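Below: one structure, written as structure tokens.
In full-length UniProt numbering, the protein residues as written are 1 to 233.
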């Protein structure tokens, strides 16, 4: 595969092809907003170039894995962190890896950057930087690159929420594969379509138990509280 004249192979192809599928669906559903969200593995310059080649019919957001060097001496992460704080967001981070669920409060920043390389992709980089993290706990810091403009607090909050939604999506598909064993069923195309419609009902109780377990420390889940966010005054 080639994008912007650059050969792409390996896992990168999978991420690019996934966006192409979403883009095709977006064109078929002009009244529906589709969003492509990827974790750090999706931080691929060729993927960002491909979204622009396709005209970005679907919005996209990816967590930055590479602290790329920009023009001059600055790097991507340092440039994003040097911008002014635009707003704040507070939410409950689910428990994982032996850590209890806890409250997280992040400062939100945004800076337009131009990636190095021949394509020269220019896009916003959003930084969600935890403040006042508990002693001995690694602060939650996310740098997110996206095609969406993020000029105010509400736009930044929406983008962070998109990224945070990955946890529930991953949990849902984990339930389908592990608890419902969908892959082992080897269904026909029509049966798969039916199972997808029924699966949310079948797996909802399992997901609910998982979420309940993740917040068993007594910290309410996001479904039980409103996200607190406010622009910087």
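Don't be surprised by glycine CBs; every beta carbon is placed ideally from N, CA and C.
Since the model is a prediction, treat every value here as computed from it, not as a measurement.
With residue i as the anchor, note down where its beta strand (DSSP E) starts and where it stops.
i, result
"residue 59", "59–63"
"residue 37", "35–38"
Please classify residue i as buried or exposed, where buried requires at least 16 other C-beta atoms within 10 Å of its C-beta.
i, result
"residue 131", "exposed"
"residue 12", "buried"
"residue 109", "buried"
"residue 76", "buried"
"residue 50", "buried"
"residue 16", "buried"
"residue 127", "buried"
"residue 159", "buried"
"residue 80", "buried"
"residue 122", "exposed"
Roughly how many whole angstroms lie between the Cα atoms of residue i and residue j?
i, j, result
"residue 74", "residue 64", "16 angstroms"
"residue 94", "residue 60", "24 angstroms"
"residue 223", "residue 165", "Only weak support exists for where residue 223 lies, its pLDDT of 38 falling under 50; the value from the coordinates is given anyway. Distance between the alpha carbons of residue 223 and residue 165: 12 angstroms."
"residue 144", "residue 88", "15 angstroms"
"residue 32", "residue 136", "43 angstroms"
"residue 107", "residue 169", "25 angstroms"
"residue 48", "residue 152", "23 angstroms"
"residue 205", "residue 178", "Note that residue 205 scores a pLDDT of 48, beneath 50, so its modelled location is shaky; the value from the coordinates is reported in the next line. For residue 205 and residue 178, the distance between alpha carbons rounds to 14 angstroms."
"residue 113", "residue 120", "10 angstroms"
"residue 174", "residue 167", "10 angstroms"
"residue 115", "residue 99", "36 angstroms"
Could you give the first and the last residue of the continuous alpha helix (DSSP H) run that contains residue i?
i, result
"residue 22", "11–28"
"residue 47", "45–53"
"residue 155", "153–164"
Name the DSSP beta bridge partners of residue i, please?
i, result
"residue 110", "126"
"residue 75", "69"
"residue 144", "63, 126"
"residue 103", "92"
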